[in-house]
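Residue numbers (my numbering): 79 to 422.
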Amino acid sequence: EKNETFGQEISSRQSGVIHAGIYYPEGSLKAKMCVAGNHILYELCEKYGIGHRRLGKLIVATSDDEAGELQTLLERGQRNGVEGLRILSKWEMQELEPNVEGVAAMLSPSTGVIDSHALMKYFIVKAQDGGVQIAYQTKVVGIERVADEYKVAVEDGTGNFFFTTRVLINCAGLHCDEVAELAGIDIAKAGYKLHYCKGEYFSVGSGKNTLVKRLVFPVPPPQFTGVGIHVTFDLDGRMRLGPSIHYVDSIDYAVDNNHKKLFHDSVRRFLPFLEYDDLEPEMAGIRPKLQEPGGDIKDFVIKDETDKGLPGFINLIGIESPGLTASPAIAEYVESLVGDLLGK
């Protein structure tokens with residue numbers, strides 16, 4: 079881990095939502111890992127006291143065209159194995175959320191929020207209890223295939239050193255394409271080139287935090303680049319709007335206050351009580367997208383690279399949303415890949 083501690087990039091700069099698995103193409107890793115991860119996360123939270131709230135979510139249609147899209151989302155979610163989905167009329171929606179405006183909505187009861195830092199801390203402690211050593215402030219600078227092993231060069235505050243391993247798992251987040259390149263993979267040819275996509279968040283003044291009880295999402299656009307600027311909450315009940323979608327060339331976490339109007343206009347369609355001055359800049363994050371601007375939705379890449387002459391090198395590329403929800407299911411999937419490689 080090149081940073082001072084865990085989770086300082088993607089994992090700590092996101093919505094903290096436990097997704098249900100509605101949006102992703104049937105059979106995709108995103109769909110399968112999200113649905114499985116949803117169940118595992120709630121079990122982990124209950125068993126180990128990880129902070130979470132199963133709030134449920136409304137996907138709100140604000141036009142007849144969007145209402146038609148709800149049926150498509152419902153059917154896709156059901157094919158993906160998401161349970162409890164149902165479409166609500168305007169009146170049914172407003173019985174649940176009287177301050178939400180729209181012509182119809184879909185209810186997703188298994189969507190919630192989680193304390194992502196506490197989840198990461200649980201994973202860290204679990205790993206260390208299993209004998210894992212974590213090297214912070216340590217950066218991978220070289221990967222070489224030697225016989226049937228990988229010689230990995232790393233750099234820390236004291237200089238460079240090496241270790242060897244039969245299996246190397248690349249889950250380097252915003253820099254996973256760079257690590258793949260260090261191993262000799264042509265990332266352009268492989269389709270592994272990442273596109274940084276910035277998402278900003280604005281918080282809502284405390285006086286209006288209690289006017290909505292559930293997460294509220296818009297119907298996503300047909301050219302799916304994300305789930306859209308939505309309403310979520312932290313575990314203390316503070317309301318947050320985001321994330322936006324801006325492709326950028328470099329990592330930058332500043333929030334542009336000039337984007338407040340975009341947020342207000344986006345959300346006011348279904349939350350008419352929100353005023354412009356209710357919004358304050360909060361934070362920003364960067365998504366590691368394989369989907370280029372204007373391109374088609376791309377799935378997670380989670381694979382052993384034997385076909386590229388790199389047996390035992392496992393890539394995890396483009397792990398954006400729903401990566402937090404999917405994380406325990408991804409771990410189980412990678413464990414199975416490692417077992418196959420080691421004959422276990």
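Where a beta carbon is used, it is the ideal one built from N, C-alpha and C, also for glycine.
This structure is a prediction, so every number in the text was calculated from the model and none was measured.
Asked                                                                                                                                  : Found
Buried versus exposed, by CB contacts within 10 Å (16 or more), residue 403                                                            : buried
Burial state of residue 205, where buried means 16 or more other Cβ atoms lie within 10 Å                                              : exposed
Limits of the unbroken beta strand (DSSP E) element including residue 146                                                              : Unbroken run through residue 146 is the alpha helix (DSSP H), 142-157; no beta strand (DSSP E).
Classification of residue 385 by the beta-carbon crowding that lies within 10 angstroms, buried from 16 upward                         : exposed
Assumed close pair residue 356, residue 294 - CB separation to whole angstroms, cut-off 8 Å                                            : Going by Cβ atoms, the distance from residue 356 to residue 294 rounds to 15 Å, so no, they are not a contact pair.
Rounded separation between residue 288 and residue 131 - CA only                                                                       : 15 Å
Length of the line joining the Cα atoms of residue 119 and residue 406                                                                 : 7 Å
Cβ contact check for the segment 126-144 and the segment 184-192: 3 or more pairs under 8 Å                                            : yes
Rounded separation between residue 219 and residue 246 - CA only                                                                       : 14 Å
Nearest-angstrom beta carbon gap, residue 243 and residue 228 [assumed within contact, 8 Å]                                            : 5 Å
As assigned by DSSP and simplified to three states, the class of residue 348                                                           : coil
Own chain partners of residue 198 with C-beta closer than 7 Å, once the 5 adjacent residues on each side are dropped                   : 84, 85 and 89
Supposed contact pair residue 394 and residue 249 - C-beta distance, whole angstroms, cut 8 Å                                          : 4 Å
Contiguous alpha helix (DSSP H) assignments of at least 4 residues, all confined to the segment 254-298                                : 254-260 and 265-268
Member of 387, 292, 298 and 376 whose CA lies at the smallest distance from the CA of residue 176                                      : 292
Helix, strand or coil at residue 90 according to DSSP, with G and I counted as helix                                                   : helix
Nonlocal neighbours in the same chain, by C-beta distance under 6 Å from residue 390, ignoring five residues either side               : 244, 245 and 419
Beta carbon of residue 252 nearer than 8 Å to that of residue 375                                                                      : no
Inter-residue Cα distance where the pair is residue 80 and residue 202                                                                 : 16 Å
Rounded C-alpha distance that separates residue 266 from residue 258                                                                   : 11 Å
Pair within 8 Å by beta-carbon distance, residue 128 and residue 148                                                                   : no
Pair within 8 Å by beta-carbon distance, residue 370 and residue 334                                                                   : no
Nonlocal neighbours in the same chain, by C-beta distance under 6 Å from residue 298, ignoring five residues either side               : 305 and 306
Per-residue burial, residue 102 [other beta carbons within 10 Å of its own, 16 or more giving buried]                                  : buried
For residue 368, three-class secondary structure by DSSP                                                                               : coil
Contacts around residue 155, its chain only, beta-carbon distance under 6 Å, and the 5 residues preceding and following it disregarded : 100 and 163
Simplified DSSP state of residue 81, which is helix, strand or coil                                                                    : coil
Residue 365 versus residue 239 - alpha carbon distance                                                                                 : 31 Å
Through-space distance from residue 171 to residue 255, alpha-carbon basis                                                             : 43 Å
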